[in-house]
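Trainee: Take this structure first; my questions come after.
Number of protein chains: 2
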Amino acid sequence: MSGLRIKYLKPALVAEHLARADALCAATGARLTPLRRRVLELVVRSGRPVGAYELLDQMRACGHKGAPPTVYRALDFLQQQGLVHRIAMANAYVACSHPGCDHHALIFVCTECGNALELEETQVKASVAARAEAVGFRVPGQPIEVAGTCPLCQEGRP
Amino acid sequence: MSGLRIKYLKPALVAEHLARADALCAATGARLTPLRRRVLELVVRSGRPVGAYELLDQMRACGHKGAPPTVYRALDFLQQQGLVHRIAMANAYVACSHPGCDHHALIFVCTECGNALELEETQVKASVAARAEAVGFRVPGQPIEVAGTCPLCQEGRP
DNA sequence: AAACGAAATGTTATATTATAACGTTTTCAC
DNA sequence: GTGAAAACGTTATAATATAACATTTCGTTT
Ligand SMILES: [Zn+2]
Ligand SMILES: [Zn+2]
Ligand SMILES: [Zn+2]
Ligand SMILES: [Zn+2]
Numbered sequence: 000m001s002g003l004r005i006k007y008l009k010p011a012l013v014a015e016h017l018a019r020a021d022a023l024c025a026a027t028g029a030r031l032t033p034l035r036r037r038v039l040e041l042v043v044r045s046g047r048p049v050g051a052y053e054l055l056d057q058m059r060a061c062g063h064k065g066a067p068p069t070v071y072r073a074l075d076f077l078q079q080q081g082l083v084h085r086i087a088m089a090n091a092y093v094a095c096s097h098p099g100c101d102h103h104a105l106i107f108v109c110t111e112c113g114n115a116l117e118l119e120e121t122q123v124k125a126s127v128a129a130r131a132e133a134v135g136f137r138v139p140g141q142p143i144e145v146a147g148t149c150p151l152c153q154e155g156r157p
Numbered sequence: 000m001s002g003l004r005i006k007y008l009k010p011a012l013v014a015e016h017l018a019r020a021d022a023l024c025a026a027t028g029a030r031l032t033p034l035r036r037r038v039l040e041l042v043v044r045s046g047r048p049v050g051a052y053e054l055l056d057q058m059r060a061c062g063h064k065g066a067p068p069t070v071y072r073a074l075d076f077l078q079q080q081g082l083v084h085r086i087a088m089a090n091a092y093v094a095c096s097h098p099g100c101d102h103h104a105l106i107f108v109c110t111e112c113g114n115a116l117e118l119e120e121t122q123v124k125a126s127v128a129a130r131a132e133a134v135g136f137r138v139p140g141q142p143i144e145v146a147g148t149c150p151l152c153q154e155g156r157p
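If you read the protein sequences in the order shown, they are chains A and B.
If you're matching positions, the first sequence starts at 0 in numbering that gives the first Met the number 0 and goes up one per residue.
If you're matching positions, the second sequence starts at 0 in numbering that gives the first Met the number 0 and goes up one per residue.
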């Protein structure tokens, strides 16, 4: 993760994402409180996997007096609602690219720049499920992370 | 990872694993020093993913005066040689089940007991590779981790 | 053998990520 | 309104990992 390209989502897309989150939580009765919504907004806006302390810093920069548990609790909630995924290999959190869909996600994570690409996937999940059944493992629908190099980083990062 | 079942590999299997590591490193010219070999032995013996500090404690219990870098450096080396895999989702390290083979591994990790099962896989890797190519990602042959529940933990862990 | 440079290890300190524990406030059903 | 549950604030600490630099070991060259 050397040359981390800064990339922000367009405001319109952020608003759309948040509106969908509002609708989803309203439908399920989950409470997307202002605090949680603020954290989600920060995750969505960054448009890439972000660390918890990075989010915490942004919260503080906006005048919020918070401690780590604040952010981690919000992230836990957002993960439960399927609005955010944790990328274990990067210790980072990324907004789900298609929340609400009971999806089987495949997430490519670029080890150069830290960006991630989430795909709706059936083929990979099917082959994993088949292999899992063969050895008796039960696998829920959590996203599968795959490390790699993104197209931009394959060229000399322009 | 509540009821972590303790499980040790049989001494004969450990010796076999170490012998293979010796042969592999001899062939490539990599220096499997006593320290590195000792760390590998501890990883192999435990027969499941183990944390770096867990290994450090075991080193110390055997009279070795070491600090975290000691273990982390050895683990780095062992990973480079393909003798050990890091399980990102568990912050743990596990001995490769078939070192030397240029394998495409799929690792099922039980979130209940922490055990892991490494499989030689072609179907899953093939579908991942196809998907990666479609979006321009380049994916090296690192193991893919899949969270799940192992057969033993599905029953009431006997 | 002596000298040299590179690799490995020792050592200390610190960075990074995440959670425990407990008190206070807010929310919601009754 | 009242009580219970959920959410949030706050402090401290756990767990994981690395930076930085000194020392030792090792293989090679002279
Ligand atoms: Zn998703
Ligand atoms: Zn990239
Ligand atoms: Zn392996
Ligand atoms: Zn299990």
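All residues carry an ideal CB built from backbone N, CA and C; glycine is no exception.
Everything numeric in this text was worked out from a predicted model, so none of it was measured.
1) Taking the alpha-carbon positions, what's the Ala-94 of chain B to Val-42 of chain B distance?
2) With a threshold of 7 Å, establish whether the CB of Leu-151 of chain A neighbours any heavy atom of ligand 2.
3) Under 8 Å, do Cys-149 of chain A and Cys-109 of chain A count as touching if we go by C-beta distance?
4) Taking 6 Å as the limit between beta carbons, can you name the residues of its chain near Gln-57 of chain A, skipping five residues before and five after?
5) Is the stretch 109-121 of chain A close to the stretch 60-75 of chain A, with three or more CB pairs under 8 Å?
6) Quick check on DSSP: helix, strand or coil for Cys-109 of chain A?
7) With hydrogens ignored, establish whether the beta-carbon of Ser-45 of chain A is closer than 7 Å to any heavy atom of ligand 1.
8) Just checking: is the beta-carbon of Phe-107 of chain B within a distance shorter than 8 Å of some beta-carbon in chain A?
9) Any heavy atom of ligand 1 closer than 7 Å to the Cβ of Ser-96 of chain A?
10) Does DSSP put Val-8 of chain B in a helix, in a strand, or in coil?
11) Taking Val-127 of chain B as part of the alpha helix (DSSP H), name the residues at either end of that continuous run.
12) Put His-97 of chain A into one of helix, strand or coil per three-state DSSP.
13) Pop quiz: Leu-31 of chain A and Ala-20 of chain A are said to be a contact at Cβ under 8 Å. What is the actual Cβ separation, rounded to whole angstroms?
14) Can you tell me where the beta strand (DSSP E) holding Asp-119 of chain B begins and where it ends?
15) Within the same chain, show all residues whose beta-carbon is closer than 6 Å to that of Ser-1 of chain B, passing over the 5 residues directly before and after it, in chain order.
16) Could you tell me whether the Cβ atoms of Val-70 of chain B and Leu-55 of chain B are closer together than 8 Å?
17) If the cut is a Cβ gap below 8 Å, which residues of chain B does Gly-135 of chain A touch?
18) In chain order, what residues of the stretch 114-131 of chain B put their CB closer than 7 Å to some CB of chain A?
19) Anything in chain A within Cβ reach of Gln-79 of chain B, meaning under 8 Å, just list it in chain order.
20) So Ser-126 of chain B and Ser-96 of chain A are supposed to be a Cβ contact under 8 Å. How far apart are they, rounded?
21) Listing by chain order, which chain B residues have their CB less than 9 Å from the CB of Glu-144 of chain A?
22) Output the distance between the C-alpha atoms of Gly-124 of chain B and Gly-113 of chain B, rounded to the nearest integer angstrom.
23) When the Cα of Ala-26 of chain A is compared with those of A:Ala-66, A:Gln-122, A:Gln-80, which residue comes out closest?
24) Can you have a look at Leu-3 of chain B and say buried or exposed, based on whether 16 or more other CB atoms are within 10 angstroms of its CB?
25) Starting from Ala-146 of chain A, follow the beta strand (DSSP E) in both directions and report where the run begins and ends.
26) Less than 8 Å between the beta carbons of Gly-155 of chain B and Pro-139 of chain A, yes or no?
27) Is His-16 of chain B helix, strand or coil by DSSP?
28) Find the nearest neighbour of Val-145 of chain A within the set A:Pro-33, A:Tyr-52, A:Glu-15, A:Ile-86, judged by alpha-carbon distance.
29) Among A:Ala-133, A:Phe-136, A:Arg-44, which one has its Cα closest to the Cα of Glu-15 of chain A?
30) Is there a Cβ from chain A that is less than 8 Å from the Cβ of Pro-98 of chain B?
31) Is the CB of Val-138 of chain A under 8 Å away from at least one CB in chain B?
32) At which residues does the alpha helix (DSSP H) containing Arg-59 of chain A begin and terminate?
33) Check Ala-66 of chain A in the structure and name its three-state DSSP category.
Mentor: The short version:
1) Rounded to the nearest angstrom, the two C-alpha atoms are 6 Å apart.
2) For Leu-151 of chain A, the CB falls within less than 7 Å of some heavy atom of ligand 2.
3) Yes. Within cutoff.
4) Leaving aside the five residues that flank Gln-57 of chain A on each side, the residues in its chain whose CB is nearer than 6 Å to its CB run, in chain order, Leu-41.
5) At 8 Å Cβ cutoff, the stretches do not touch.
6) Cys-109 of chain A falls in the strand class under three-state DSSP.
7) No; taking the cut-off as 7 Å, the Cβ of Ser-45 of chain A has no heavy atom of ligand 1 nearer than that.
8) Under the 8 Å criterion on CB atoms, Phe-107 of chain B is classed as interfacial with respect to chain A.
9) Proximity of the beta carbon of Ser-96 of chain A to ligand 1 is indicated: a heavy atom of the ligand is located closer than 7 Å.
10) According to the sequence displayed, residue 8 of chain B carries Leu and not Val. Annotated three-state conformation of Leu-8 of chain B is coil, per DSSP.
11) Per DSSP, the unbroken alpha helix (DSSP H) holding Val-127 of chain B starts and ends at 122-134.
12) Judged by DSSP in its simplified three-state form, His-97 of chain A adopts coil rather than helix or strand.
13) Contact flag correct, Cβ pair sits at about 6 Å.
14) It is Glu, not Asp, that sits at residue 119 of chain B in the sequence shown. Taken as a continuous stretch (DSSP letters only), the beta strand (DSSP E) holding Glu-119 of chain B covers 115-119.
15) Because Ser-1 of chain B sits at a pLDDT of 44, beneath the cut-off of 50, its placement in the model cannot be relied upon, and the following sentence gives the value as read from the coordinates. Cβ within range, chain order: n/a, list empty.
16) A contact, by the Cβ cut-off of 8 Å.
17) Under the 8 Å cutoff, chain B gives Cys-149, Pro-150, Gln-153.
18) Against chain A - using a Cβ distance shorter than 7 Å - the residues of the stretch 114-131 of chain B are Leu-116, Leu-118, Glu-120, Gln-122, Val-123, Ser-126, Val-127, Arg-130, Ala-131.
19) Going along chain A, no residue has its Cβ under 8 Å from Gln-79 of chain B, so there is no contact; the nearest lies around 15 Å.
20) Actually they do not touch by this definition, with Cβ atoms about 19 Å apart.
21) Within 9 Å of the CB of Glu-144 of chain A, the CB atoms of chain B belong to Ala-87, Met-88, Ile-143, Glu-144, in sequence order along the chain.
22) The identity of residue 124 of chain B in the sequence shown is Lys, whereas the question assumes Gly. Distance between the alpha carbons of Lys-124 of chain B and Gly-113 of chain B is about 23 Å.
23) Cα-wise, what sits closest to Ala-26 of chain A is A:Gln-80.
24) Unreliable placement is indicated for Leu-3 of chain B, whose pLDDT of 46 sits below 50; the coordinate value is still reported in the next sentence. Answer is exposed; the Cβ neighbour count stays below 16.
25) Per DSSP, the unbroken beta strand (DSSP E) holding Ala-146 of chain A starts and ends at 143-147.
26) No Cβ-Cβ contact shorter than 8 Å links Gly-155 of chain B with Pro-139 of chain A.
27) It is helical.
28) Of A:Pro-33, A:Tyr-52, A:Glu-15, A:Ile-86, the residue nearest in Cα terms is A:Ile-86.
29) If we check each option's Cα against that of Glu-15 of chain A, A:Arg-44 comes out closest.
30) Judged by the 8 Å Cβ criterion, Pro-98 of chain B is not in contact with chain A.
31) Closer than 8 Å to some Cβ of chain B, the Cβ of Val-138 of chain A qualifies, so yes.
32) That run of the alpha helix (DSSP H) goes 51-60.
33) It is coil, neither helix nor strand.
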